[in-house]
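K.L.:
In our numbering, the protein residues as written are 1 to 510. Idealized CB from N, CA, C, for every residue including glycine. Structure provided below as structure tokens; questions to follow.
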Ligand SMILES: C[C@@H](CNC(N)=O)C(=O)O
Ligand SMILES: [Zn+2]
Ligand SMILES: [Zn+2]
Ligand SMILES: [Zn+2]
């Protein structure tokens, strides 16, 4: 597999060539080091104190700050054609917002139309993204239907186009049947690809939606009513069971509820190899937002699976992350403006599903996790960067501060706060689900492939500076037996007791 040639324009090369980060505290997923970082040509070349460096090197003093791997967001939908419209954050604006918040790589989803070749759709996405992205990016591919050409198209994407992950849906108009999921997982296993699943029971959602609309429940509050926690949890359990039948490791995207988290843990305890992702939205917001009298507010918080009405859900999901019951976080950034959301003004099933998160994920998780005392900085790095790099076989090139790694680095001020608002965010969308939220944890510098793209909190992202990054098949974290053991929960106790204990410790009412 050829590593992409960096296409840094000549006028940019000297500006990003040499950089020294001094006096900071390096935080990786597994250790904290009081060392300086020397960067040249976009790569980390030296770590240590009193480094010998060439003249003309820019020096950044990181005293009192943390030096962390740039965030990796494994779940975005930029320029996503969905429900007849296109999400408003494109690959330029979306990656610019990502960098502003401390994320230096995203992985988006190629969304083929039914009947379209997966490979053709991949090329369409490459043409959309390559000249717009401000940071490196990868691509998953959605399988919207199953037919006999799909296996060879999956094989071509893995062997010739640097794709190692496929997403199957169990809901929406492009859901697969159980036997189609079986075939999809079987092929992922054969290829050494990461099988990703949107786990909700689509058939039940459709029946519930019909019934709710017939009873005149048309507002956004109908959304969660149509797809309760057990409708998600049942699908998580079923997806794990089907994948286990063909010994295929599974990645469950956007785990949004306690029930789904518990279903995933119980599947793992039965021997299923499963990785769980949750979202910044689920870690900071709950379903009460979708009952807000203002339509823009309630529809603005609408995504699937929905934010849950149980107010202990955000802390419980953070505790699942602390206990390694869930492994990583994404944003599922899929943004639609007020006018687009109003397509569902008289019918909640027509409200385009999706929320923001790619800019605010890092600060939200620092606030709700580290500042709240539920996770430590090392675990923060793991769930926002390192584990995504390992799952998609990018580690240690990405996801750590190490010699030879890409210089995707954030100088993080844990004590500074910022208040999130649509008035100041860098998204194209006119709404922010975290509006007004004050977060500890601010990126003061964000370095993308060695280039300072946030400089003393000033955003200097460069359109087209990012590269497509191939993700190789057979990631050891997922496919090596000994590594898979790490997916077992870090505890074997009764989960609820542990949750209660953690919540008590973090002074949170259960
Ligand atoms: C369609 C896409 C984004 N929208 C959402 N999660 O509601 C997804 O399901 O991940
Ligand atoms: Zn989904
Ligand atoms: Zn409002
Ligand atoms: Zn998504």
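I need the DSSP call for residue 61, collapsed to helix, strand or coil.
P.N.:
Three-state DSSP puts residue 61 in a strand.
K.L.:
Taking the alpha carbon of residue 239 as the reference point, which residue from 225, 228, 255, 226 has its own alpha carbon closest?
P.N.:
With distances taken between Cα atoms, residue 239 lies closest to 255.
K.L.:
Roughly how many angstroms lie between the CA atoms of residue 76 and residue 50, to the nearest whole one?
P.N.:
Roughly 40 Å separates the two Cα atoms.
K.L.:
Is residue 332 a contact residue of ligand 4, with contact defined as CB to any heavy atom under 7 Å?
P.N.:
True, at least one ligand heavy atom lies under 7 Å from that Cβ.
K.L.:
Tell me which residue opens and which closes the beta strand (DSSP E) that residue 330 is part of.
P.N.:
328-330 is the extent of the beta strand (DSSP E) around residue 330.
K.L.:
Is it the case that the CB of residue 304 approaches a heavy atom of ligand 1 more closely than 7 Å?
P.N.:
Checking every heavy atom of ligand 1 against the Cβ of residue 304, one is found closer than 7 Å.
K.L.:
Ignore the nearest five residues each way along the sequence and tell me which others in residue 495's own chain have a CB closer than 7 Å to its CB.
P.N.:
Note on residue 495: pLDDT 44, under 50, position unreliable in the model; the coordinate value appears next. These residues qualify, in order along the chain: 262, 265.
K.L.:
Tell me whether residue 75, by its Cβ, gets closer than 7 Å to a heavy atom of ligand 4.
P.N.:
Checking the Cβ of residue 75 against ligand 4 gives yes.
K.L.:
Please list, in chain order, all residues of the same chain as residue 78 whose beta carbon is under 6 Å from its beta carbon, the five residues on each side excluded.
P.N.:
Closer than 6 Å at the Cβ level, and outside the excluded window around residue 78, lie 89, 90, 91, 94, 108.
K.L.:
Shorter than 7 Å, the distance from the beta carbon of residue 355 to the closest heavy atom of ligand 6, or not?
P.N.:
Because ligand 6 does not appear in the structure shown, any question about it cannot be addressed here, the ligands present being ligand 1, ligand 2, ligand 3 and ligand 4.
K.L.:
Beta carbon of residue 381: closer than 7 Å to some heavy atom of ligand 4?
P.N.:
Every heavy atom of ligand 4 is 7 Å or more from the Cβ of residue 381, so no.
K.L.:
Under the rule that 16 or more other beta-carbon atoms within 10 Å means buried, what is residue 294, buried or exposed?
P.N.:
With fewer than 16 other Cβ atoms within 10 Å, it is exposed.
K.L.:
From 33, 170, 85, 55, pick the residue whose C-alpha is nearest to that of residue 20; which is it?
P.N.:
Of the candidates 33, 170, 85, 55, the one whose C-alpha sits nearest the C-alpha of residue 20 is 55.
K.L.:
Would you check if there are 3 or more beta carbon pairs closer than 8 Å linking the segment 393-401 to the segment 340-350?
P.N.:
At 8 Å Cβ cutoff, the stretches do not touch.
K.L.:
Please report the straight-line C-alpha distance between residue 411 and residue 165, rounded to a whole angstrom.
P.N.:
Whole-angstrom Cα-Cα distance: 30 Å.
K.L.:
In angstroms with no decimal places, state the Cα-to-Cα distance between residue 18 and residue 59.
P.N.:
Whole-angstrom Cα-Cα distance: 9 Å.
K.L.:
How about residue 189 and residue 248: do their beta carbons lie closer than 8 Å?
P.N.:
A contact, by the Cβ cut-off of 8 Å.
K.L.:
Taking residue 435 and residue 421 to be in contact with their CB atoms under 8 Å, please state how far apart those CB atoms are, rounded to whole angstroms.
P.N.:
Confirmed, about 6 Å.
K.L.:
Taking the alpha helix (DSSP H) that residue 188 belongs to, which residues open and close that run?
P.N.:
From DSSP, the alpha helix (DSSP H) with residue 188 extends over 178-191.
K.L.:
In chain order, what residues of the same chain have a beta carbon less than 7 Å from the beta carbon of residue 341, not counting five sequence neighbours either side?
P.N.:
The residues are 296, 299, 300, 351, 352.
K.L.:
Just the Cα atoms here: how many angstroms apart are residue 335 and residue 355?
P.N.:
Distance between the alpha carbons of residue 335 and residue 355: 5 Å.
K.L.:
Under the three-state reduction of DSSP, which class applies to residue 260: helix, strand or coil?
P.N.:
Residue 260: helix per DSSP, three-state reduction.
K.L.:
Please name the residue in 329, 153, 258 whose C-alpha comes closest to that of residue 251.
P.N.:
Nearest option by C-alpha distance: 329.
K.L.:
Do the segment 98-106 and the segment 157-174 meet, that is, are 3 or more Cβ pairs less than 8 Å apart?
P.N.:
No, they do not touch.
K.L.:
Is residue 354 helix, strand or coil by DSSP?
P.N.:
Coil, per DSSP.
K.L.:
Considering residue 93, what are the terminal residues of the beta strand (DSSP E) in which it resides?
P.N.:
It is not in any beta strand (DSSP E) - residue 93 instead sits in the alpha helix (DSSP H) that spans 91-100.
K.L.:
Determine the burial state of residue 288: buried for a count of at least 16 other Cβ atoms within 10 Å of its Cβ, exposed for fewer.
P.N.:
When all chains shown are included, residue 288 counts as exposed.
K.L.:
Taking C-beta to C-beta, are residue 325 and residue 279 nearer than 8 Å?
P.N.:
No; because the gap between Cβ atoms is not below 8 Å, this pair is not in contact.
K.L.:
Which first and last residues belong to the beta strand (DSSP E) in which residue 439 is found?
P.N.:
Its beta strand (DSSP E) spans residues 438-448.
K.L.:
Determine the closest residue to residue 449 out of 273, 357, 407, 201, with distance taken between C-alpha atoms.
P.N.:
Minimum Cα distance to residue 449 is reached at 407.
K.L.:
Whole angstroms are fine: how far does the CA of residue 25 sit from the CA of residue 454?
P.N.:
One C-alpha to the other measures close to 19 Å.
K.L.:
Would you mind sorting residue 36 into buried or exposed? The rule is 16 or more other CB atoms within 10 Å of its CB.
P.N.:
With 16 or more other Cβ atoms within 10 Å, it is buried.
K.L.:
Identify the residues that DSSP records as bridge partners of residue 580: which are they?
P.N.:
No statement about residue 580 is possible, as the shown extent of the chain runs from 1 to 510 and does not include it.
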